[in-house]
């Protein structure tokens, strides 16, 4: 089997699930993981014969891909803000929209030239948000929390690998007694669960079947439950003139912003797809 044959086999197996562009990207990523060849080298070496050992590893991975398992879980890593993060079934796969949220915060911090800024990140997952902020704004002191100890194990490994220091805590943010253990912060940032369960029918199989539902979904009768908890927390744990950076459900932008209508200036920001994807609330 040549590299070209292998790429074709991968793409044919996942053709029912992904469009052509995504299929090409997935095939390229998997072959890079197995062979060490970059995209360009795969093209230049497309007639190279794969070893029996690589082929024996490849075939079961193609089977997993054909069942919808995300490539990031198969190779065990995902890229976020040009940094490689370990991911597994206990953590969400980082999204480009979340990169936009983090970039917005970093630009804000740089514009204010914050020194020793205290930041709380709610919902660590793989640790991509707090680690990226710490990497690109070293003056920040960051605490990150998650209800899942399994997710925090991954986040700690990622922080060590990338070389940043984060204060990790396991707690249930929806439990008021738990969150009141936390201190005072200048910035709060979060990409909390916000997808209503009735919206699941529109989602891709590889998300529904493999990514952790506790990090994705909320009940339809209370879709803003995490944002209400964050607003409540801010009343006693956000410093005067502090700010909140939140990724949101694109269908609930006005409703989410309304939670911060008193004592805040609130901006709803659109992402690159022109969807209302984040709010920034500055306390006054």
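In the working numbering, the protein residues as written are 6 to 289. A virtual CB, placed ideally from N, CA and C, is assigned to each residue, including glycine.
Are there 16 or more other CB atoms within 10 angstroms of the CB of residue i, so buried, or fewer, so exposed?
i: residue 181; result: exposed
i: residue 3; result: Examination of residue 3 is not possible in this model, given that the chain is present from 6 through 289 alone.
i: residue 252; result: buried
i: residue 173; result: buried
i: residue 278; result: exposed
i: residue 196; result: buried
i: residue 137; result: buried
i: residue 114; result: buried
i: residue 206; result: exposed
i: residue 54; result: exposed
i: residue 48; result: exposed
i: residue 245; result: exposed
Would DSSP call residue i helix, strand or coil?
i: residue 218; result: helix
i: residue 282; result: strand
i: residue 89; result: strand
i: residue 82; result: strand
i: residue 34; result: helix
i: residue 122; result: coil
i: residue 39; result: helix
i: residue 261; result: helix
i: residue 169; result: coil
i: residue 100; result: coil
i: residue 22; result: coil
i: residue 142; result: coil
i: residue 45; result: helix
i: residue 65; result: helix
i: residue 229; result: coil
i: residue 28; result: helix
i: residue 267; result: coil
i: residue 71; result: helix
Given this structure, state the Cα-to-Cα distance separating residue i from residue j, to the nearest angstrom.
i: residue 256; j: residue 24; result: 25 Å
i: residue 122; j: residue 229; result: 27 Å
i: residue 59; j: residue 161; result: 31 Å
i: residue 40; j: residue 210; result: 28 Å
i: residue 80; j: residue 38; result: 7 Å
i: residue 179; j: residue 148; result: 17 Å
i: residue 76; j: residue 289; result: 44 Å
i: residue 120; j: residue 105; result: 23 Å
i: residue 10; j: residue 236; result: 54 Å
i: residue 143; j: residue 107; result: 14 Å
i: residue 135; j: residue 280; result: 24 Å
i: residue 66; j: residue 118; result: 47 Å
i: residue 139; j: residue 146; result: 8 Å
i: residue 46; j: residue 125; result: 42 Å
i: residue 100; j: residue 85; result: 8 Å
i: residue 16; j: residue 92; result: 23 Å
Which partner residues does residue i have in the DSSP bridge list?
i: residue 190; result: 243
i: residue 272; result: 285
i: residue 175; result: 151
i: residue 127; result: 150, 195
i: residue 252; result: 283
i: residue 7; result: 54
i: residue 201; result: 223
Would residue i count as contacting chain C if we go by Cβ distances under 7 Å?
i: residue 254; result: Of the protein chains in this structure there is only one, and it is not chain C.
Kindly give me the distance between the Cβ atoms of residue i and residue j, rounded to whole angstroms, as I take these residues to be in contact under 8 Å.
i: residue 111; j: residue 141; result: 5 Å
i: residue 90; j: residue 131; result: 5 Å
i: residue 176; j: residue 166; result: Actually they do not touch by this definition, with Cβ atoms about 24 Å apart.
i: residue 265; j: residue 234; result: Not a contact, Cβ separation roughly 13 Å.
i: residue 300; j: residue 44; result: With the chain covering 6 to 289 only, the question about residue 300 has no answer from this structure.
i: residue 78; j: residue 215; result: 6 Å
i: residue 261; j: residue 225; result: Contact flag wrong, Cβ pair sits at about 15 Å.
i: residue 163; j: residue 200; result: The Cβ separation is near 24 Å, so there is no contact.
i: residue 238; j: residue 184; result: 5 Å
i: residue 192; j: residue 248; result: 6 Å
i: residue 128; j: residue 220; result: 7 Å
i: residue 159; j: residue 96; result: 5 Å
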